[in-house]
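Engineer: Residues 243 to 372 (this note's numbering) are what the sequence shown spells out, left to right.
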Amino acid sequence: MDRHLLAGAHNAGRQDGVDAQAASIAMECRDDLLDTAVILDALALCHGHGSYLPRPYQETSTRNPRDVELRTDASDVAGELARHDQQYGTSTIGDIPCPLDDGCTDKERDAVRVYVRREWITRQESWPGI
243 MDRHLLAGAH NAGRQDGVDA QAASIAMECR DDLLDTAVIL DALALCHGHG
293 SYLPRPYQET STRNPRDVEL RTDASDVAGE LARHDQQYGT STIGDIPCPL
343 DDGCTDKERD AVRVYVRREW ITRQESWPGI
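1. Hey, would you say V319 sits closer than 9 Å to Y294, going by beta carbons?
2. Should D346 be labelled buried (16 or more other beta-carbon atoms within 10 Å of its own) or exposed?
3. Nearest-angstrom Cα distance between E367 and Y299?
4. Within a Cβ cutoff of 8 Å, which residues of the same chain sit near Q263, ignoring the five residues on either side of it in sequence?
5. Round the Cβ separation of A286 and L312 to the nearest angstrom and send it over; I've been treating them as touching at under 8 Å.
6. In chain order, which continuous runs of the alpha helix (DSSP H) of length 4 or greater are located wholly inside the segment 288-365?
7. With C-beta atoms as the reference, is A316 less than 9 Å away from D283?
8. What does the Cβ neighbour count give for H326, buried or exposed, with the cut at 16 atoms within 10 Å?
9. How is D256 classed by DSSP in three states: helix, strand or coil?
10. Can you tell me the Cα-Cα spacing of R360 and D352, whole angstroms?
11. Spatial neighbours of R355 within its chain, please: C-beta separation below 7 Å, excluding the five flanking residues on both sides.
12. Within 10 Å of its beta-carbon, does E270 have 16 or more other beta-carbons around it, so buried, or fewer, so exposed?
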């Protein structure tokens, strides 16, 4: 429905309506990324600390340890949140780490996961009762 409203506002020449709808859609997407990133990060934290799979990942015949895959998935989604926040200016805390690129380091992966935790805590503090 949001896309329908966005198209209608665009066709009617109401740029303020287009901007408002686009911002709303961007925030919904961000909320989905944040929620997913926090859940994956919490699961990864339950499995301890350690290394990540390299980027780009090359499929091999050897099975990767589940904890390494989980940490990698958590950091990949966190990196997408950082990318989204940089692109749309939706960060609530600022100090957005660099989104993850091929060849990123474990330190960069840790940084985006820490960023997700800080964003989550800030959101929880600003929305009492949630």
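Even for Gly, the Cβ is constructed at its ideal location relative to N, Cα and C.
Structural biologist: Concretely, from the data shown:
1. Here residue 319 corresponds to residue number 77 of the sequence shown, with the count starting at 1. Here residue 294 corresponds to residue number 52 of the sequence shown, with the count starting at 1. Their beta carbons are not under 9 Å apart, which means V319 does not touch Y294 by this criterion.
2. For this step, residue 346 is matched to residue 104 along the sequence shown. At residue 346 the sequence reads Cys, which differs from the Asp that was named. Counting Cβ neighbours within 10 Å, C346 comes out buried, since at least 16 surround it.
3. Taking the first residue of the sequence shown as position 1, residue 367 is located at position 125. Taking the first residue of the sequence shown as position 1, residue 299 is located at position 57. Distance between the alpha carbons of E367 and Y299 is about 36 Å.
4. Along the sequence shown, one-based indexing puts residue 263 at 21. Only D244, L247, L248 and A251 meet the Cβ criterion.
5. Locating residue 286 in the sequence shown gives position 44, where the first residue counts as 1. Locating residue 312 in the sequence shown gives position 70, where the first residue counts as 1. Correct: roughly 5 Å between the Cβ atoms.
6. 308-330
7. The residue given as residue 316 occupies position 74 in the sequence shown. The residue given as residue 283 occupies position 41 in the sequence shown. D283 sits close to A316, with the two beta carbons spaced by under 9 Å.
8. The residue you call residue 326 lines up with position 84 of the sequence shown. H326 comes out buried.
9. Working through the sequence shown from its first residue, we reach residue 256 at position 14. The sequence shown places Arg at residue 256, rather than the Asp named in the question. In this structure, R256 counts as coil in the three-state DSSP scheme.
10. Locating residue 360 in the sequence shown gives position 118, counting from the first residue. Locating residue 352 in the sequence shown gives position 110, counting from the first residue. Rounded to the nearest angstrom, the two C-alpha atoms are 12 Å apart.
11. Your numbering for residue 355 matches position 113 in the sequence shown. If we look at R355 and ignore the five residues flanking it on each side, its Cβ neighbours are D283, A316, S317 and A320.
12. Numbered from its first residue, the sequence shown carries residue 270 at position 28. So E270 counts as exposed.
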